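Heads up, the sequence shown is in our numbering, so the first residue is 179 and it goes up one at a time.
Glycine is no exception: its CB is placed at the ideal position from the N, C-alpha and C atoms.
Values in this document were obtained by computation on a predicted structure and should not be read as measured data.
Working notes, structure below.
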Amino acid sequence: MRLLDKTARELIDLNPKGSIDKEIAERQFQVILKGFNYLYQEGSDFLYIADEVGLGKTYVALGIASLLRHFSTLERRNSYKDVILVPKQNLQHKWVREINNFIRHNYLKECNIVKSVLGAPVGECSERSIHNRLTYFHDNTPSYEIFRISSLSIATTQYSDWKTRLLESLPITVHDFFKKGIKLYRKKSDEIYLKRLFAYLLNLTLPEIDLLIVDEAHNFKHGIGSEVAIRNQVISRMMGVVQEEEDQQLFVDFPELKDQIIRKARKVIFLSATPIDNGLYELKNQFDCFIPNHAYRNLEDVEAELKTALSSFMIRGLMKIQIDQEGTVSRNMYRHEHRKGNVVKLPDAAPQKIESNLESIIIGLLQLKTLKHFNESNNKSFEIGMLAGFETFNTQSESDREYEDSSVHENKSADSEIIKNMAESYFNHFDTYLPHPKQDNLVEVLFDGMKKGEKALVFVRRIASVMELERKLINKLEKWDYERIKKYLSKSSRLKILETAYQERHQIMEIDRLLYEVSKKVYELYKWDLRELSEDDSIDLVQRSYDILLELFNSSLDYDEFKRFRNQIKGHVGLRNIKTELKKLAFELIRKYLTDRGKQEIENDYEQIEEQDDALFGYFFSSYFSTKRYQEGFNFRNRSSTKDWFRFNLYYLRDEINELDFDENKLRNIEFSEKEKTEARRIELANDRLMEAIAKDGRPMKKTFQEIDPFFLRKPFLNYLFQEELHKEFKFWLDEHWNSNSAIHDFWENLEALIEIIRGIFRNGSGLLPSYIAECIYPENYEKGLLKILKETFPEVLNELKVIICDFDKIIATNFPDKSKIQRALYNQTPVVGASGSHKRNISRVAMQFRMPGFPYVLITTDVLKEGEDLHLYCSDVYHYGIAWNPSDMEQRTGRIDRINSMSYFKLKKDGKRTFDNSLQVFYPYLADTLEVNQVAKVFTKMNAFIDTFYDLSNVIEKDTKATTDAIIEIIPEQIKDLLESKYDYENFQGISDQIIDELEPNYGIGFTKQSLLEKLQTTFDLIIQKFNDFYVFPKQDPINFSISANVKLNGRRAPLKIIMLKGKSFDEILWSVESIICRSTELRSRTIRDEIKNSLQELGFDLIDNNESLLVEKRIDLDTPNQEMFETIKRVIQTADKLEERYTGGDLDI
179 MRLLDKTARE LIDLNPKGSI DKEIAERQFQ VILKGFNYLY QEGSDFLYIA
229 DEVGLGKTYV ALGIASLLRH FSTLERRNSY KDVILVPKQN LQHKWVREIN
279 NFIRHNYLKE CNIVKSVLGA PVGECSERSI HNRLTYFHDN TPSYEIFRIS
329 SLSIATTQYS DWKTRLLESL PITVHDFFKK GIKLYRKKSD EIYLKRLFAY
379 LLNLTLPEID LLIVDEAHNF KHGIGSEVAI RNQVISRMMG VVQEEEDQQL
429 FVDFPELKDQ IIRKARKVIF LSATPIDNGL YELKNQFDCF IPNHAYRNLE
479 DVEAELKTAL SSFMIRGLMK IQIDQEGTVS RNMYRHEHRK GNVVKLPDAA
529 PQKIESNLES IIIGLLQLKT LKHFNESNNK SFEIGMLAGF ETFNTQSESD
579 REYEDSSVHE NKSADSEIIK NMAESYFNHF DTYLPHPKQD NLVEVLFDGM
629 KKGEKALVFV RRIASVMELE RKLINKLEKW DYERIKKYLS KSSRLKILET
679 AYQERHQIME IDRLLYEVSK KVYELYKWDL RELSEDDSID LVQRSYDILL
729 ELFNSSLDYD EFKRFRNQIK GHVGLRNIKT ELKKLAFELI RKYLTDRGKQ
779 EIENDYEQIE EQDDALFGYF FSSYFSTKRY QEGFNFRNRS STKDWFRFNL
829 YYLRDEINEL DFDENKLRNI EFSEKEKTEA RRIELANDRL MEAIAKDGRP
879 MKKTFQEIDP FFLRKPFLNY LFQEELHKEF KFWLDEHWNS NSAIHDFWEN
929 LEALIEIIRG IFRNGSGLLP SYIAECIYPE NYEKGLLKIL KETFPEVLNE
979 LKVIICDFDK IIATNFPDKS KIQRALYNQT PVVGASGSHK RNISRVAMQF
1029 RMPGFPYVLI TTDVLKEGED LHLYCSDVYH YGIAWNPSDM EQRTGRIDRI
1079 NSMSYFKLKK DGKRTFDNSL QVFYPYLADT LEVNQVAKVF TKMNAFIDTF
1129 YDLSNVIEKD TKATTDAIIE IIPEQIKDLL ESKYDYENFQ GISDQIIDEL
1179 EPNYGIGFTK QSLLEKLQTT FDLIIQKFND FYVFPKQDPI NFSISANVKL
1229 NGRRAPLKII MLKGKSFDEI LWSVESIICR STELRSRTIR DEIKNSLQEL
1279 GFDLIDNNES LLVEKRIDLD TPNQEMFETI KRVIQTADKL EERYTGGDLD
1329 I
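Shown next, in the form of structure tokens:
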């Protein structure tokens, strides 16, 4: 049967808000329709979506997956499984976000098959869907299960715990099999048999996978066999690909195993923008890993037969944009590639040349020695991207690992010894470091852009380059910021403390270095003990130990062991060797930390600094406020959270929104309890009272100001900001969101999100330093003082805030589908950030912050960020500082900022024609008249060939990873600017049989209807009004979110109540969630106390919930619970929450 276009449009809309190019959205829809009809037909096992980078392969796959789920059989609906396999951990979280986004916004029918009438996915899709290890999952509910490729490798160590963990990952029904395997395969050489056995046992026990999506499928291009990566060997067996020759011994030892192995995935979607490197046989290899006995497994002439068949299983499209004055342009046409090596952004910039005599001598000598080396030992050639001297003269051994993946044959630069010897000799003679003209030029250009608030993405090959560029840029920015604030320093003794700390900042780094050295020594001595204590095989234990020691060193704990540790660290500064006593003490502290994390004193301190990452210990004007090293700055940051500066007084909305006013009779007096000591808590309480006092019928009385408590007229900084400098933008925002078709609840939620984002800028980002200066200089008039400082010294912060307000909807949709996570997402902002395998930073958070205005301005990364994360919203400049030999890798990198709804896309659409200023700028920095020209010329030639053949996979570029030293380069290949066409786009897809004529009819709904749920909501609403006598906040229904909220008067105390409908575990189950707030999350941080509360609630049949803002008591009950039982449950929940609040906080709820 076939799904018709018009029917599919009733189910899916890829452009519901008109926010992306309609031609792009239409193409995505057509690919989904073709892909679904192909996979739905009998005998179609797999589909390959090979669209180029940035064209929305994820959403295409989700569209097909949703249609397949919708048209699944009745028998499969209650256990339907989509399994997604991704390369990295950050992509697991991204898929969870995208699945929820797609089903909420792009899948239309609330049919209770794909999307429930509550608007959420029917299949379980949450953090619980993410698997850190390869393990069994259950078949009793519909779900999405997301694994990462690294888990397939099954990390092993010299201790035996990994075998136990594998055993625990299997259902008990096959434990005897695996226990027998552990006994049989004890030798190190037999470990592979145990891993293969584990994979086969998963095949026997895992539920049927209705659809498998393999993201970045080219990672499996080497296929199956005994010589390929463990991950390929494991996944293929798990999917039911029997390999008799390699597993002959296994089947002898377990003769009953072979006949039970079955094909595990019914359908497979492969996703990759770069599906092959060397030939079409790599496609077959990918199929071999996941599909037993597929149609192309035993081809005689793989290349010829696959070439003929490509259009029957592959769709490969390209990015095209319609612009008013030019029509259709492909992405190569709106890119400006700077192939002369320049870093300056000019249409016809001059090449980079060596300017000084000293630099000429240094580069000349380096090249002479390098050429001599290659002529003697390397056949006058070198691997592209493998010469360290093109990027850095940094010779630190800690950073010599150059690549993030294992595909690189050597991890040592061919010229590393030459550079090391020259650098040491130069330093010994001149007491300074070798200048690097290419690097220095890039730093200057990036720094100029940072001063203007412009973003740039820089790709390097060497991890050392990340650190060196980051250090140089931060150093320049620190000096610039210092010069900017010098005029203020004499006006406050506190600012003098900051100045002293700034001048001594480099000494602090010696403590950091020493702590890291101690961590390495502890790992060397106690490696296996640390492994036993760790919960994650993949964790870097040296880095984890360093994190813990750094936290403990800077904590406020004053136990003897902590004092002794700090004193010993300080006593080791300047020493070459680390004493045994310190190593033992450090291990004991780490061991205690990992085994006893529930203790209140450690937990409280940890929560305050757990979000710090290594970026903050680079940029001084962040670390000054973010670590207890600098007590003055650290105290300010904590103190600022108690101020009302970055809260917004809702009372003043009455001046902006005609339909909004407050009942002044309810505002005549406000009293604060002992809990409301701080300004922040008091303004929050005032806002709660204002929400209770919102008039229901317009503007019932005049604004007298004399009849209300003066506190309601308090004007925090954000009110000044919105009424003065940002009034135009804020007024537009209010009009747009107040008058939208959304529920009033959404307006308040969006306003809270906007305030939270702006608060994050001043608490963690570019507004932090000016905020501190304002408090130091204008303690009595902070609000107006900060506005003055921003206007005269930090105008970029005001520009950043304007962009946030104007682009709010775009920022929320891209970065914060879950608004409750905004606060944490904005921790640790820094102007320059580096990302590599040696950094401990949260890659997803780095990417999210780069998709925001403001910090970070520059992101320097190895190929760890070449795929998976989108970086396009506010960046249109990419620098390939370290070049890759593979043009597909170069395209993956550039594609991070060249995507649907990118910054350059919006500029093009606005201008209607291509100009230099709205082009996506792609830089390839190199020095003219150096050996590097040979390298880039070779890469540019390969890139042009890649463009010519990208859309015809049957033409394969010759794999040549080397450049020669004796080639004479007269012409640098120019960028191809012709309009591109794709040979394998959806119009040419031939996989759907012409014999299929019957039309598919969608199922418009099963189970509960929206109307029936709204009736139940109304019944419960009436019950609450009837049963409870009085309210602080009268009950409100939210029919969009199927919820009821109220604040009940309970024995003179406030009892906030929320009742919301939630999807249950089975596909047609819906439950009531009855919730009441105990207190704010920050009031009870102790895990000991939280565990105590949790246990007491469980005894009552309740749950403790932390929603990032509040701790709640929750009880879930059946939707058809009788009224009296419902009332009793509500009463018990709010009474229990109130008792817990009074017991543990001593106050009455102020929210």
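Where residue i falls: helix, strand or coil (DSSP)
| i | result |
| --- | --- |
| M1030 | coil |
| D303 | Looking at the sequence provided, one finds Cys at residue 303 rather than Asp. C303 falls in the coil class under three-state DSSP. |
| Q1168 | coil |
| C1257 | strand |
| G505 | strand |
| Y216 | helix |
| L612 | coil |
| P1300 | coil |
| E849 | coil |
| S584 | Any reading at S584 needs caution, since the residue's pLDDT is 41, under 50, leaving its predicted position unreliable; the model's value is listed next. Reduced to three states, the DSSP call for S584 is coil. |
| D1126 | helix |
| D191 | coil |
| D317 | coil |
| K266 | coil |
| Q426 | helix |
| E515 | strand |
| Q790 | Note that Q790 scores 46 on pLDDT, short of 50, meaning its location in the model is unreliable; the coordinates nonetheless yield the value given after this. In this structure, Q790 counts as coil in the three-state DSSP scheme. |
| L1098 | strand |
| Q500 | strand |
| V480 | helix |
| V238 | helix |
Check: residue i C-beta below 7 Å from any heavy atom of the ligand SAH
| i | result |
| --- | --- |
| L496 | Judged by which ligands are present, the structure shown has none, so any question about the ligand SAH falls away. |
Bridge partner(s) assigned by DSSP for residue i
| i | result |
| --- | --- |
| P1234 | N1225 |
| E323 | V261 |
| H1058 | F637 |
| F224 | V446 |
| I387 | A443 |
| E1251 | The sequence shown places Ser at residue 1251, rather than the Glu named in the question. The partner list for S1251 (beta bridge, DSSP) reads I1238 and R1294. |
| S1288 | R1258 |
| M492 | Y226 |
| F840 | I872 |
| L1105 | Q530 |
| I1330 | Any property of residue 1330 remains undetermined from this structure, which presents the chain solely from 179 to 1329. |
Cutoff 6 Å; reference residue i; Cβ partners in own chain excluding five residues on either side
| i | result |
| --- | --- |
| E276 | T236 |
| D1055 | A634 and Q1099 |
Assumed close pair residue i, residue j - CB separation to whole angstroms, cut-off 8 Å
| i | j | result |
| --- | --- | --- |
| S257 | P385 | 6 Å |
| L286 | I190 | 7 Å |
| P1217 | L1192 | 6 Å |
| V406 | H400 | 5 Å |
Close Cβ partners of residue i (< 8 Å) along its chain, the five nearest in sequence each way excluded
| i | result |
| --- | --- |
| F1331 | For residue 1331 there is no data in the structure shown, the boundaries of the chain being 179 and 1329. |
| L912 | L831, E834 and I835 |
Residues near residue i by beta carbon distance below 7 Å, same chain, minus five either side
| i | result |
| --- | --- |
| A443 | I387, L390, M417 and F468 |
| Q267 | R326 |
| K699 | I756 and K761 |
| T1198 | I1222, I1237 and M1304 |
| A873 | D839, F840 and D841 |
At 4 residues or longer, and completely inside the stretch 982-1046: list those alpha helix (DSSP H) runs for me, N to C. 986-993, 1000-1003 and 1021-1028
So within the stretch 696-757, which uninterrupted beta strand (DSSP E) runs reach at least 3 residues, ignoring any that extend past its ends? none
So within the stretch 649-693, which uninterrupted alpha helix (DSSP H) runs reach at least 4 residues, ignoring any that extend past its ends? 671-681, all fully within the stretch 649-693.
Ordered list of beta strand (DSSP E) runs contained in the stretch 1154-1222, each at least 3 residues: 1209-1216
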